[in-house]
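So the sequences go chain by chain: A and Z. Mapping of the first sequence onto the UniProt record's numbering: residues 1 to 257, in sequence order. Mapping of the second sequence onto the UniProt record's numbering: residues 1 to 273, in sequence order. Taking it in order: structure first as structure tokens, then the write-up.
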Amino acid sequence: MNDLFMSFVPGDSVLHRLDPRTKIIGLMLVSFCILDASSFADMFFIALVFTVLVLSCRLPLGHFVRSVRPMLFFFAILFLMQLFFTEGREVWHFSSLSVTYEGLLLGTTITLRFVFLLLFAALITATTSPSRITSGIERLLRPLPLRYVGITSHDMAMMMSLSIYFVPMFYDSFTSLREAQISRGLDIRKEPVKAIFSIVVPLVSGSVRRVEEVALAMESRCYQSTGRSSMHEMKFTGKDHVSFAMFVFLILFLTVL
Amino acid sequence: MIHIKDISYRYPDNTLAIDSLSLNINKGEFVAIAGKNGCGKSTLLRHMNGLLLPCQGSVVVNGMDTSDPSSLMDIRRTAGMVFQDPGSQFIGMTVEEDVAFGPENLGLSQREINERVDLSLQNVGMEGYRYHTPRSLSGGQKQKVALASVLAMKPDIILFDEVTSMLDPCSRKDILSLIENLHENGTTVVYVTHHLEELVHADRLVVMENGRIVHDGHPREILSRNDPEQFGSDLPPVIELARRLADSGLIPADPSSFPLSRAELREVLCRSK
Chain A
1 MNDLFMSFVP GDSVLHRLDP RTKIIGLMLV SFCILDASSF ADMFFIALVF
51 TVLVLSCRLP LGHFVRSVRP MLFFFAILFL MQLFFTEGRE VWHFSSLSVT
101 YEGLLLGTTI TLRFVFLLLF AALITATTSP SRITSGIERL LRPLPLRYVG
151 ITSHDMAMMM SLSIYFVPMF YDSFTSLREA QISRGLDIRK EPVKAIFSIV
201 VPLVSGSVRR VEEVALAMES RCYQSTGRSS MHEMKFTGKD HVSFAMFVFL
251 ILFLTVL
Chain Z
1 MIHIKDISYR YPDNTLAIDS LSLNINKGEF VAIAGKNGCG KSTLLRHMNG
51 LLLPCQGSVV VNGMDTSDPS SLMDIRRTAG MVFQDPGSQF IGMTVEEDVA
101 FGPENLGLSQ REINERVDLS LQNVGMEGYR YHTPRSLSGG QKQKVALASV
151 LAMKPDIILF DEVTSMLDPC SRKDILSLIE NLHENGTTVV YVTHHLEELV
201 HADRLVVMEN GRIVHDGHPR EILSRNDPEQ FGSDLPPVIE LARRLADSGL
251 IPADPSSFPL SRAELREVLC RSK
């Protein structure tokens, strides 16, 4: 549970020390580049950028493998859909299914796009603590006229922060409940439906109680959606300006390429 | 400091939790509240920082009425609360972020927030755990961080809701000593507990039953003669022994000198020789 999907890995690299707003904006710009990439040369260049960033952060590669692994089934479906349902020059066929050259190319490109989107998102979450991400998003959303829809940027950031905070808590509750039910004779393999009910029902009721307790703790510590300050310093430094310049260079390079 | 006048409170399911209760708590007092499960101790405590509002009567904290919505922030800043389950009161991802949550809500400057976080963590001896996740801490450590989170708001009153009930004896001792220090430094303490041996340092003991106060006085006077059934807990062995010794005439039956701890009992026995 210490290395969850898309979790934060503490460190002191340049990427770790960048302002979260730079990383969020950078991720958005890189995402545009990835979605625009259509050739293998583009993909190779994106892979090169990703590798350089990972090496500079001295992050374990296993962390990124764990980030992609839960989505493998989705990637496989995505690839197979493009492979079999794209019209073009046929390279292989079996019964009514046929694989085309264009399908193979499109399937690989689209799948790689999603893999890279996920990898870059994992790179940002690995180098930025969840609270700094939410603080960054809060600061980016602050100029928007959200008050007209009855919400503040602090509310948005707090909702995100709590959602992230509850994931490990739910996982712990799920593990405890599963162990408790197994110790009372539940066979998850033989009775999967019964297992779902015997774990999900107490999990939901326990979670509701836990949410109420957290809400009470927040209220008792004067939570308010306006007029809050933050302990995280948000200041663009020279490193952030250089990073922005590099993002612009990356976009220009890929556009020209 | 806290003036509770004739309050009653019913839960949405119509259960009467507090029944025409009045209580005054003075500045710097250490008031312990005991009683059986469901007698209304925690409900009363939640009225003291405006988490619950009475159906009738009034609660005034430092001159501010909890029924006035504009005073609620100041009341909660004045009267901080530490809850029973240390695991369910964390909001931050790391210890420092959790301690900073309260000062952030007060809109303090970044420098002030960091100073308060440093000081609060030092006060509870958790400065070495600043960047740890609250989930990785033991029960006692979690409760210390919860206390630091409240201390960071610099409250005049701290309300403790059965804070030692989920802790091992060692952690309980640590938390009690921290509470004692706070009281010695002038903080008003309201302490709800089931453990009667924790009442040694209280100036006052309030015993509740069915939403009402049945005893209000010094712990010596109350514990020396009343039925332990009312306290919702067995008498600690020292008090049980002292009561038997007093009944047998081996020590004086005077409530004002009734021993509440082993050291006090030893002293009384030495004097009675």
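Backbone N, C-alpha and C define an ideal beta-carbon position, used for all residues, glycine too. A quick note: this is a predicted structure, and the numbers were derived from the prediction, not measured.
Just how far apart, CA to CA, sit residue i and residue j?
i, j, result
"H93(A)", "F90(Z)", "58 Å"
"S229(A)", "P130(A)", "17 Å"
"N185(Z)", "V208(A)", "38 Å"
"S225(A)", "T100(A)", "55 Å"
"L105(A)", "V30(A)", "22 Å"
"M196(A)", "P70(A)", "Strictly speaking, residue 196(A) in this sequence is Ile, with Met absent from that position. One C-alpha to the other measures close to 20 Å."
"G140(Z)", "L254(A)", "55 Å"
"K27(Z)", "L55(A)", "59 Å"
"T238(A)", "L162(A)", "Thr is not the amino acid found at residue 238(A); the sequence shown has Gly there. Straight-line Cα distance between these residues: approximately 32 Å."
"I222(Z)", "E197(Z)", "13 Å"
"K142(Z)", "T193(Z)", "18 Å"
"S149(Z)", "S272(Z)", "47 Å"
"L260(Z)", "M208(Z)", "20 Å"
"S67(A)", "V167(A)", "15 Å"
"F85(A)", "E97(Z)", "51 Å"
"residue 278(A)", "V117(Z)", "Nothing can be reported for residue 278(A), as the shown portion of chain A is limited to 1 through 257."
"P228(Z)", "A34(Z)", "11 Å"
"D254(Z)", "A246(Z)", "9 Å"
"V163(Z)", "S8(Z)", "25 Å"
"G38(Z)", "T78(Z)", "27 Å"
"I188(A)", "G206(A)", "21 Å"
"V200(A)", "M73(Z)", "37 Å"
"L48(A)", "L80(A)", "26 Å"
"G88(A)", "V248(A)", "36 Å"
"V238(Z)", "R262(Z)", "6 Å"
"S71(Z)", "H16(A)", "41 Å"
"N49(Z)", "R204(Z)", "20 Å"
"D13(Z)", "E212(A)", "17 Å"
For residue i and residue j, which I take to be in contact (beta-carbon distance under 8 Å), what is that distance rounded to the nearest angstrom?
i, j, result
"K144(Z)", "M166(Z)", "Incorrect: roughly 13 Å between the Cβ atoms, too far for contact."
"V189(Z)", "F231(Z)", "Their Cβ separation, rounded to whole angstroms, is 19 Å, which puts V189(Z) and F231(Z) out of contact at 8 Å."
"C222(A)", "G102(Z)", "6 Å"
"V124(Z)", "L178(Z)", "6 Å"
"L119(A)", "F50(A)", "6 Å"
"T109(A)", "S38(A)", "6 Å"
"H201(Z)", "E180(Z)", "5 Å"
Does residue i have its Cβ less than 9 Å from a Cβ in chain Z?
i, result
"E90(A)", "no"
"S129(A)", "yes"
"R189(A)", "no"
"T237(A)", "no"
"D240(A)", "no"
"R210(A)", "yes"
"I199(A)", "no"
"E233(A)", "yes"
Would you verify that the beta carbon of residue i is, or is not, closer than 9 Å to some beta carbon of chain A?
i, result
"Y129(Z)", "no"
"R149(Z)", "Per the sequence shown, residue 149(Z) should be read as Ser rather than Arg. Taking Cβ atoms only, chain A reaches closer than 9 Å to S149(Z), which makes this a yes."
"G140(Z)", "no"
"N62(Z)", "no"
"G80(Z)", "yes"
"M153(Z)", "yes"
"F83(Z)", "yes"
"R135(Z)", "yes"
Contact list for the region 10–25 of chain A against chain Z, Cβ threshold 8 Å: Only P10 from the region 10–25 of chain A bring a Cβ to less than 8 Å from some Cβ of chain Z.
Note down, in chain order, all residues in the region 65–77 of chain Z with a beta-carbon under 8 Å from any beta-carbon belonging to chain A. M73, R76, R77
For the region 214–229 of chain A, which residues have a CB atom closer than 7 Å to at least one CB atom of chain Z, in sequence order? V214, L216, A217, M218, E219, S220, R221, C222, Y223, Q224, G227, R228, S229
In chain order, which beta strand (DSSP E) runs of at least 3 residues are fully inside the region 185–220 of chain Z? Correct list: 188–192, 204–209, 212–217.
Report the residues of the region 88–116 of chain Z with a CB closer than 8 Å to any CB of chain A, ordered along the chain. S88, Q89, F90, I91, G92, M93, T94, E96, E97, A100, F101, G102, P103, E104, N105, L106, G107, L108, S109, Q110, I113, N114
Interface positions of the region 133–165 of chain A facing chain Z (Cβ-Cβ less than 7 Å), listed along the chain: Cβ contacts with chain Z: Y165.
Could you name the residues of the region 164–178 of chain A whose beta carbon sits closer than 9 Å to any beta carbon of chain Z, in the order they occur along the chain? Answer set for the region 164–178 of chain A: I164, Y165, P168, M169, D172.
What are the uninterrupted segments assigned as alpha helix (DSSP H) that are 4 or more residues long and contained completely in the region 120–191 of chain Z, given in chain order? 139–151, 169–184
Completely contained beta strand (DSSP E) runs for the region 62–88 of chain Z, where each covers 3 or more residues: 79–82, all fully within the region 62–88 of chain Z.
Residues, ordered as in the chain, of the region 38–51 of chain Z that lie near chain B by beta-carbon distance below 9 Å: Judged by its chain identifiers, the structure shown contains no chain B, and its protein chains are A and Z.
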